[in-house]
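Enquirer:
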Amino acid sequence: MIGSASSGILTCFRAAAAMLATAQPQPHLYVLDGIGLLEDVVQKERLGARAGLHQLLLAAQIVKRLSAEMDARRDPRNAVRTGTPLVLVVTGWCSWANALRNGVFGWVEAALQDIVRDGTSLGITVLISGERELVSSRFFAAIPNRAYFPSGSTEESRFHWPRLPDVEDLAGRGVVTGNFVDGQTNVAQFREAPNSCAWPFKDLGRSQPPFRIRPLPETLGAEDFFQRLAGVPQHALDSGPCTNTPLPNDADLPDPDTAEEDALTPLWMGVGGDEALPVALPLPNRGVSAILGGRHSGKSSVLAALHQLNPLVPWVYPDSTDGTGSFWASIAHEAEAGVLDPNSILLVDDADSLDTGGCHALAALAGKVRGIVLTATPGPALVHRLPLAGDVRASGTGVVLAPSTPHDGELLGARLDTNGSGRPGRGFVIQGKDVTPFQGALTAGLPLAGAAGAAYSAAEAPPVRDA
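In this text, residue positions in the sequence shown follow this note's numbering: the first is 34, and each later residue adds one.
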C-alpha cells in the first residue's frame, strides 16, 4: 500500500492488516511497526513478534528467522509447514529503509526481497506500507498486488508510480493492480479502521506460532532472573541459547570428584536469545572464556552476576585491596601444591592490565581449574598483551558487551550486528558460530574478603562451595 498520510492510507492499512490478521485459517503475525501504527495491539503475547523502529536488532532477528523458516519450508520433507500461514506486517518502510541502510543491517532488505519474492507459495505473506522509498526499493518489482493512494500526493512523490487512471481526491480512494484483481487496474474505496477499539478489533487465536521473538528487558535484577528461570520449562531451557546442559540441583552439593559433570552446569548470567530465556556463560571445561568490552560496558557487573546467580560454584577472585598480580601468583602456587580446589572458577577482572607476573600466573593456572573467566578491552593488541587471549581465540567462546564496532568480536571469530550505540550490560554471547543477543543481570558487586562466600587469598583455606 503506497501513499502519504494525507491520503487516508494509515487507517486503511490498519483495517486491511486487521482483516488479514483475523482471517481464517488465522495466520501467525510478525510485525515491524516503523511508525507506531499498530502499537495499540491487544493480546501482544499472541503475536509471534513485534519490533519498533528503535529495536533494529530485534527487527533484523525477525526477518532473519522468517527467512530461515522460508528456507525450511522449501524442503519437501517440511511441506506440511506451508499449511501454517505466517504474515509479516511492515509499516512505514521509508523509516525502516533509512535506518537499515545506514548501518550494519543492510542485509535485511535483501532478505526481505527473498521473502516477498518466494514467500507466497510457501505460506508467508507480506503486507507493507510506504511512500517513495517503497516504490524505489529493490523488492518492489516482486510485489504482486499493489494499492496506490494518490490523494494529497505530488508529481515528485509519484515519479516512480505507473500511469494511473484519474480518481477523485478522496481519503481512502485508491487504485489497485495485481493478481487479486486478475491483473487489471481498478479504482477502489478502502475500508477505514474503527476508532473505538484496539487493533486488530477482534481476538487473536491461541495457536502456537512456529517461533517467537521477544525483546530483551530494559533492566534485569537477580530476583527478576530467578523468577524467569523458575517459569521456564526444562525442555525450553534444553533448546535455549547457551543452556543445552543439565540444570544444577540445589539440593545436592557438587562432588569435588565429578569435575566433568560440574563443567556441564550452566553458569547463569542473564537472559537472551529469541525468547529472552536464561542464558549461561559458555566456558569450555578446563578452558578460558572472555568478557570483552570498553570502559563502562558492564564487564565487572557480569562477573558479579555470575557470582550471585551461581552460588554453588567455588569462585576465586582477589579482594579489591589486593595486588592482583601477586594474588594470582599465590593461587598458582596453591594449584602447584595441590591445595586449590580443581573445580574452582577464577574471575579475573581487567586481565589485560595485569603485570607480567600476573599474566604468567594465569597461564600456569590454565587447565588446573574448572575454568578461567577474564574481562578485557577488545583490540588487535590483546593477544600480544595477554597470553590467555590465544586460548580464548582458539575456543571462540565468550561475551562482548556494548560493542562500539562490528569488529569488537573478532577475537571470538564473530562480526557483530551493532550500530555502535550499545548499552552497558547488554551485548552478545558467542559460542562458535552462534551469536546470541543477551541482557546481563544487574546484581550487587563481588563481596569483599571476610563476607560469606567472598574471595579468599593464598593465606586462607582453599575455597569450598557455599551452602
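The beta-carbon is built from N, C-alpha and C at its ideal position, and this holds for glycine as well.
Taking only three categories from DSSP, how would you classify Gln222?
Expert: Reading the sequence shown from its first residue, position 189 is the one you call residue 222. Strand.
Enquirer: Let me know the beta strand (DSSP E) ranges lying completely inside the stretch 147-219, each 3 residues or longer, listed in chain order.
Expert: 157-161, 178-182, 206-211
Enquirer: To the nearest angstrom, how far is it from the Cα of Asp290 to the Cα of Val425?
Expert: On the sequence shown, residue 290 is found 257 positions in, with the first residue counted as 1. On the sequence shown, residue 425 is found 392 positions in, with the first residue counted as 1. Note that Asp290 scores 44 on pLDDT, short of 50, meaning its location in the model is unreliable; the coordinates nonetheless yield the value given after this. Taking the straight line joining both Cα atoms gives about 26 Å.
Enquirer: Residues bridged to Gly404 by DSSP?
Expert: If you number the sequence shown from 1, residue 404 lands on position 371. In the DSSP output, where bridge partners are listed per residue, Gly404 has Gly320, Ile378.
Enquirer: What is the residue span of the alpha helix (DSSP H) that Ala396 lies within?
Expert: The residue you call residue 396 lines up with position 363 of the sequence shown. Ala396 -> alpha helix (DSSP H) spans 389-398.
Enquirer: Within this structure, are the beta carbons of Leu300 and Ala313 separated by less than 8 Å?
Expert: Sequence index remark: in the sequence shown, residue 300 carries index 267 (1-based). Sequence index remark: in the sequence shown, residue 313 carries index 280 (1-based). In contact: Leu300 and Ala313 (Cβ atoms closer than 8 Å).
Enquirer: Cβ atoms of Gly163 and Gly125: under 8 Å apart, would you say?
Expert: Counting from 1 along the sequence shown, the entry for residue 125 is found at position 92. Counting from 1 along the sequence shown, the entry for residue 163 is found at position 130. Contact flag set, yes.
Enquirer: According to DSSP, is Met52 helix, strand or coil?
Expert: Residue mapping note: residue 52 aligns to position 19 of the sequence shown, counting from 1. Of the three classes helix, strand and coil, the one that applies to Met52 here is helix, per DSSP.
Enquirer: Quick one: what's Trp348 bridged to in DSSP?
Expert: Numbered from its first residue, the sequence shown carries residue 348 at position 315. DSSP, once it has assigned bridges, lists Ile378 as partnering Trp348.
Enquirer: Taking only the alpha-carbon atoms, compute the straight-line gap between Gly216 and Ala51 and give it to the nearest angstrom.
Expert: As a working note, residue 216 is residue 183 in the sequence shown. As a working note, residue 51 is residue 18 in the sequence shown. Roughly 25 Å between the two C-alpha positions.
Enquirer: Classify Ser77 as buried or exposed, calling it buried when 16 or more other Cβ atoms lie within 10 Å of its own Cβ.
Expert: By 1-based counting over the sequence shown, the position of residue 77 is 44. Just to set this straight, residue 77 is Lys in the shown sequence, not Ser. Flag for Lys77 reads exposed.
Enquirer: By the 10 Å Cβ neighbour count, where 16 or more other Cβ atoms means buried, how is Gln260 classified, buried or exposed?
Expert: For the purposes of this step, residue 260 is taken as residue 227 along the sequence shown, with counting starting at 1. Counting Cβ neighbours within 10 Å, Gln260 comes out exposed, since fewer than 16 surround it.
Enquirer: What is the residue span of the alpha helix (DSSP H) that Leu339 lies within?
Expert: Start at 1 with the first residue of the sequence shown, and residue 339 comes out as number 306. Unbroken alpha helix (DSSP H) run through Leu339: 332-342.
Enquirer: Is it the case that the stretch 473-482 contacts the stretch 441-453, given that we only count it when at least three CB pairs across the two stretches are under 8 Å?
Expert: no
Enquirer: Can you tell which of Thr476, His417, Leu119 has the C-alpha that lies nearest to the C-alpha of Arg245?
Expert: What you label residue 245 is simply residue 212 of the sequence shown in a count that begins at 1. Residue Leu119 is the option with its Cα nearest to Arg245.
Enquirer: Pull up the DSSP beta-bridge partners for His61, would you.
Expert: Start at 1 with the first residue of the sequence shown, and residue 61 comes out as number 28. Paired residues: Leu119.
Enquirer: From Asp104 to Pro243, what does the alpha carbon distance come to, in whole angstroms?
Expert: Along the sequence shown, read from residue 1 onward, the residue named residue 104 stands at position 71. Along the sequence shown, read from residue 1 onward, the residue named residue 243 stands at position 210. Cα to Cα, the separation comes out at about 14 Å.
Enquirer: Check this for me: beta carbons of Leu160 and Ala49, under 8 Å apart or not?
Expert: Position 127 of the sequence shown, counted from the first residue, corresponds to residue 160. Position 16 of the sequence shown, counted from the first residue, corresponds to residue 49. Annotated as proximal: Leu160 and Ala49, with beta-carbon spacing under 8 Å.
Enquirer: Tell me which same chain residues have a C-beta within less than 8 Å of the C-beta of Glu166, skipping the five on either side of it?
Expert: Residue numbering aside, residue 166 sits at position 133 when the sequence shown is read from its first letter. Once the five neighbours on either side are set aside, the close Cβ partners of Glu166 are Trp126, Cys127, Ala130, Asn131.
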